[in-house]
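*Asks:* Sequences listed follow chains P and X, in order.
Counted the way the numbering used here counts, the first sequence spans residues 121 to 340.
Counted the way the numbering used here counts, the second sequence spans residues 121 to 340.
Note that CB positions come from ideal geometry on N, CA and C, so glycine has one too.
Just so you know, these numbers come straight off a predicted model, no measurement behind them.
Number of protein chains: 2
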Amino acid sequence: MKNKEIQEQRIKGYFLQATKDLLKSEGLQSVNVRNIADRAGYSYATLYNYFKDINDLVFLCVYDFYGECEQHVREHTKRQERGIKRLRASIRAYVDFFVQYPGIFSLFFMENLGSFKDKGRATEIISFSLDKVCEEEWNYCVSKGILQVEQVELIKSQIRHATLGLLMLYINQRVSFPYTELINRLYLQTNAILESCSPGGGRDGGGVSVHNSLISIKVK
Amino acid sequence: MKNKEIQEQRIKGYFLQATKDLLKSEGLQSVNVRNIADRAGYSYATLYNYFKDINDLVFLCVYDFYGECEQHVREHTKRQERGIKRLRASIRAYVDFFVQYPGIFSLFFMENLGSFKDKGRATEIISFSLDKVCEEEWNYCVSKGILQVEQVELIKSQIRHATLGLLMLYINQRVSFPYTELINRLYLQTNAILESCSPGGGRDGGGVSVHNSLISIKVK
DNA sequence: TTATTTTATGAACAATGTTCAGTATTTTTA
DNA sequence: TAAAAATACTGAACATTGTTCATAAAATAA
Numbered sequence: 121m122k123n124k125e126i127q128e129q130r131i132k133g134y135f136l137q138a139t140k141d142l143l144k145s146e147g148l149q150s151v152n153v154r155n156i157a158d159r160a161g162y163s164y165a166t167l168y169n170y171f172k173d174i175n176d177l178v179f180l181c182v183y184d185f186y187g188e189c190e191q192h193v194r195e196h197t198k199r200q201e202r203g204i205k206r207l208r209a210s211i212r213a214y215v216d217f218f219v220q221y222p223g224i225f226s227l228f229f230m231e232n233l234g235s236f237k238d239k240g241r242a243t244e245i246i247s248f249s250l251d252k253v254c255e256e257e258w259n260y261c262v263s264k265g266i267l268q269v270e271q272v273e274l275i276k277s278q279i280r281h282a283t284l285g286l287l288m289l290y291i292n293q294r295v296s297f298p299y300t301e302l303i304n305r306l307y308l309q310t311n312a313i314l315e316s317c318s319p320g321g322g323r324d325g326g327g328v329s330v331h332n333s334l335i336s337i338k339v340k
Numbered sequence: 121m122k123n124k125e126i127q128e129q130r131i132k133g134y135f136l137q138a139t140k141d142l143l144k145s146e147g148l149q150s151v152n153v154r155n156i157a158d159r160a161g162y163s164y165a166t167l168y169n170y171f172k173d174i175n176d177l178v179f180l181c182v183y184d185f186y187g188e189c190e191q192h193v194r195e196h197t198k199r200q201e202r203g204i205k206r207l208r209a210s211i212r213a214y215v216d217f218f219v220q221y222p223g224i225f226s227l228f229f230m231e232n233l234g235s236f237k238d239k240g241r242a243t244e245i246i247s248f249s250l251d252k253v254c255e256e257e258w259n260y261c262v263s264k265g266i267l268q269v270e271q272v273e274l275i276k277s278q279i280r281h282a283t284l285g286l287l288m289l290y291i292n293q294r295v296s297f298p299y300t301e302l303i304n305r306l307y308l309q310t311n312a313i314l315e316s317c318s319p320g321g322g323r324d325g326g327g328v329s330v331h332n333s334l335i336s337i338k339v340k
């Protein structure tokens, strides 16, 4: 009884890994039952013994990919000074992750979820992925009084939507500027959002001091 | 020589109209050569005498749809008071247009443009569509001193990206809130962006007075 | 070992994009 | 007007992809 379970999970894992590899290396347009099964070392028909349909399989990748995204952000920001600087670096690392794997962006934000079993959990992870990968830093900024707790939810959603909108235009090639320009615009808009909420009441009088740090930004 | 041209354009028009009708009524997933040709009254093979491929045909719709979007916004905002109020109403009307026709949103922002002939012009129209439908109002606000000319480009891009990000999440069902909540969040974020740029130097001291008008907002 | 259950598979079907050779229609020419 | 030529239209056919199903292969139980 238990062995059966283990073996089934193992084979599901082969298909899952094949799908993830394919999506990352060839993009979403190469993800189809025959290619997946080839990589997994099975016939395409076997896939249907383990997954309801290809949609089910593909959206299962979301959980793993979110984890990879989280780790990518952590590794690329750990040497940054805590606070606004690391927050900004986290947002950039998040963007970089999807620029590196446009197929994952399509999967996360554009692909029709169809009848995926737990749509709810997946969409929750997806839509708050940026918030989540920045969570520690949001908390840090609030705890240090860099950001005000009443404002932080609005700021989060501003940054979430502005970042995703910009990313969508870039990844789907609705804009033609190069990567460096993407990052410049990302910083500009991130700073504008953070700036608008500097505590203390007066313009430029708060503790965020986004402008100063802006000067030293250099795109990779 | 001239008649041939006219006739060819006429038949292209039948296919184009069929595609537009189909996209608006059934969505992008029903847009295929056989359905289009059925509606146009021709065989699916005939389509290839007039268009390179289906992608070419579908992206030709962008120009017409942009015009419809523009008109939709104009008609739904003409009774609004000029300035920030009409600006906000324009943004909402823009969002409403895509909520009504999600297939057009997919076409504009998500579909792979492939080898579409003038990618350049189409993507320009697409990515600046929100800016364009609000152009008169942006100009009005600047001319009346409601917004400062140096800030307006940054504000435009903030609103553009934040609006598209929110719309993407909503239309692709990555969030589960109802339409009324979408509009609430749209207003909240629009106001936050506009507020951050009130002229005069001090918080709440500028001429935008977004807060006051926020009170009277009622979602349809 | 033999019977039964489980697992894996290719054949086959449906939907869609595309090409092409042949048919129908229109236009040109004699 | 009638034959010839050019043009327009079409279904058959092929490729790709998702899915189902009968059956072969393998594992398990008797």
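1. Does the beta carbon of X:Q268 come closer than 8 Å to any beta carbon on chain P?
2. What is the rounded straight-line gap between the Cα of P:G147 and the Cα of X:I204?
3. Please give the ranges of any alpha helix (DSSP H) in the segment 174 to 199 of chain X, keeping only runs that are unbroken, at least 4 residues long and fully inside the region.
4. Judging by CA-CA distance, which residue of P:L207, P:L302 and P:R130 is the nearest neighbour of P:V272?
5. Please name the residue in X:Q200, X:E188, X:D141 and X:F248 whose C-alpha comes closest to that of X:F217.
6. Taking the alpha carbon of X:Y307 as the reference point, which residue from P:R305, P:N292 and P:S277 has its own alpha carbon closest?
7. My output table needs one value for P:Y299: the three-state DSSP class, helix, strand or coil.
8. Would P:I91 pass as a contact of P:I211 if the rule is Cβ separation under 8 Å?
9. For X:I266, which three-state DSSP category applies?
10. Could you check how far apart the C-beta atoms of X:G223 and X:L143 are, in whole angstroms? I think they sit under 8 Å.
11. In whole angstroms, give me the CA-to-CA distance for P:E256 and P:T243.
12. Could you check whether the Cβ of X:T300 sits closer than 8 Å to any Cβ belonging to chain P?
13. With 7 Å as the C-beta to C-beta threshold (strictly closer), list the residues of the segment 212 to 243 of chain P near chain X in chain order.
14. Using DSSP with H/G/I as helix, E/B as strand and the rest coil, what is X:E201?
15. Please work out which residues of its chain come closer than 6 Å, Cβ to Cβ, to X:L202, disregarding the five sequence neighbours upstream and downstream, and give them in chain order.
16. Between X:G285 and chain P, is any beta-carbon pair separated by less than 8 Å?
17. Quick one: which chain X residues come within Cβ less than 8 Å of P:N152?
18. What residue range is occupied by the uninterrupted alpha helix (DSSP H) comprising P:Y134?
19. Count the other CB atoms within 10 Å of the CB of P:R130; is the residue buried (16 or more) or exposed (fewer)?
20. Taking 8 Å as the cut-off, decide whether the C-beta atoms of P:I246 and X:R294 are in contact.
21. Please confirm whether X:N155 has its beta-carbon closer than 8 Å to some beta-carbon of chain P.
22. Would you decide whether X:I126 is buried or exposed? Buried here means 16 or more other CB atoms lie within 10 Å of its CB.
23. Since I believe X:V182 is in contact with X:A213 (beta carbons under 8 Å), could you give me their beta-carbon distance rounded to a whole number of angstroms?
24. Under 8 Å, do X:Q309 and P:H196 count as touching if we go by C-beta distance?
25. Can you find a CB in chain X that lies within less than 8 Å of the CB of P:H192?
26. Which residues mark the beginning and the end of the alpha helix (DSSP H) in which X:R154 is found?
27. On the CB-based measure, 16 or more other CB atoms within 10 Å of its CB, does X:T300 come out buried or exposed?
28. Please report the straight-line C-alpha distance between P:L250 and P:A138, rounded to a whole angstrom.
29. With 8 Å set as the bound, which would you pick, yes or no: does the beta-carbon of X:R294 sit closer than that to a beta-carbon of chain P?
30. Exposed or buried, what is X:E231 when buried is set at 16 or more other beta-carbons lying within 10 Å of its beta-carbon?
31. Is any beta-carbon of chain X found at less than 8 Å from that of P:I204?
32. Roughly how many angstroms separate the alpha carbons of P:N155 and P:V269, rounded to a whole number?
33. If I measure Cβ to Cβ from P:K122 and keep anything under 8 Å in the same chain, skipping five residues before and after, which residues do I get?
34. Do you know how far the Cα of P:L284 is from the Cα of P:Y221?
35. If we call anything under 8 Å between Cβ atoms a contact, is X:Y170 one with X:F135?
36. Do we get a CB-CB distance below 8 Å when we pair P:R280 with the residues of chain X?
*Replies:* Inspection of the coordinates gives the following:
1. no
2. 42 Å
3. 174 to 195
4. P:L207
5. X:E188
6. P:S277
7. helix
8. Limits of chain P in this structure are 121 at one end and 340 at the other, which puts residue 91 of chain P out of reach.
9. coil
10. 5 Å
11. 21 Å
12. no
13. F229, M230, L233 and T243
14. coil
15. In the sequence as presented, Leu is not what sits at residue 202 of chain X; that position holds Arg. Within the same chain, X:R202 has close Cβ partners Y260.
16. yes
17. Neighbours of P:N152 on chain X: none; closest Cβ ~16 Å, over 8 Å.
18. K122 to E146
19. exposed
20. yes
21. no
22. exposed
23. Going by Cβ atoms, the distance from X:A213 to X:V182 rounds to 19 Å, so no, they are not a contact pair.
24. no
25. no
26. V153 to A160
27. exposed
28. 26 Å
29. yes
30. buried
31. no
32. 49 Å
33. none
34. 15 Å
35. yes
36. yes
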